[in-house]
Amino acid sequence: MEDRSAFFEQVYQVVRQIPSGRVTSYGAIARFLGAARSSRMVGYAMNNSHIYSDVPAHRVVNRTGLLTGKHHFGTPDRMARLLEAEGIVVIGDQVRDFDRLFWSPEELLK
DNA sequence: CCGTTGACGCCAT
DNA sequence: TATGGCGCCAACG
7 MEDRSAFFEQ VYQVVRQIPS GRVTSYGAIA RFLGAARSSR MVGYAMNNSH IYSDVPAHRV
67 VNRTGLLTGK HHFGTPDRMA RLLEAEGIVV IGDQVRDFDR LFWSPEELLK
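Taking this note's numbering, the leading residue of the first sequence gets 7, the next gets one more, and so forth.
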C-alpha cells in the first residue's frame with residue numbers, strides 16, 4: 007500500500023476491530039495511531055470508507071458520543087439505526103451510556 | 001497556486 | 001458549565 011494512504015489504512019484496520027455494540031471516537035483512534043492532533047483526518051478517512059464493506063464506520067462517533075457523521079450514511083437516521091440494531095440506544099443523535107459503551111483502541115494491545 | 005472546508009478536539013474566556 | 005477560537009492537514013474548486 008502507498009505510504010500516502012498508510013494512515014488511512016491504519017484507521018480502517020482499527021475500525022474493523024471495534025466490537026459490535028461498542029463505539030469509539032475519532033480522537034481515540036488518532037491518538038492510538040500517534041497522530042493525536044489529526045482527529046479530523048480520521049473523519050476524512052471515514053468519508054472514503056464506503057469503498058470497503060467491512061469497515062463499521064457507524065461505530066465511530068465524536069468524543070461526547072454525538073453522531074456527528076450521520077449525514078454520510080445516505081439517510082439521516084441510517085447511522086442511528088445501525089447502532090440500535092446492535093443494541094445501542096441513541097437519543098437525539100446522542101449515544102446513551104457512552105462512557106460504558108466506549109471501546110478504546112488500546113484494547114488491541116492486550 | 002491559494003483560499004475554503006470539514007465524520008474533531010483542546011484551550012481560553 | 002457553556003461558547004467560541006484555533007490547530008490540524010488533505011481534498012476541492
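For each residue, glycine too, the CB sits at the ideal point set by N, CA and C.
Would you check if the region 40 to 53 and the region 82 to 92 touch, i.e. whether three or more CB-CB distances between them fall below 8 Å?
Proximity of the region 82 to 92 to the region 40 to 53 falls short of the contact definition, fewer than three beta-carbon pairs being nearer than 8 Å.
For Leu12, count the other beta carbons within 10 Å of its own beta carbon; 16 or more makes it buried, fewer makes it exposed. Which is it?
Here residue 12 refers to the residue found at position 6 when the first sequence is read from its first residue. Correcting the residue identity first, residue 12 is Ala in this sequence and not Leu. Ala12 is exposed by the Cβ-count criterion.
Using only CA atoms, which one of Leu114, Phe104, Lys116 lies nearest to Arg65?
Locating residue 65 in the first sequence gives position 59, counting from the first residue. Among Leu114, Phe104, Lys116, the Cα nearest to that of Arg65 belongs to Phe104.
Within a Cβ cutoff of 7 Å, which residues of the same chain sit near Ser110, ignoring the five residues on either side of it in sequence?
Here the question's residue 110 lines up with position 104 in the first sequence. The beta carbon of Ser110 sits closer than 7 Å to those of Thr30, Ala34, all from its chain and outside the five residues before and after it, given in chain order.
Between which two residues does the alpha helix (DSSP H) carrying Arg22 extend?
For the purposes of this step, residue 22 is taken as the residue at position 16 of the first sequence. If you look at Arg22, you'll find it in the alpha helix (DSSP H) that goes 12 to 22.
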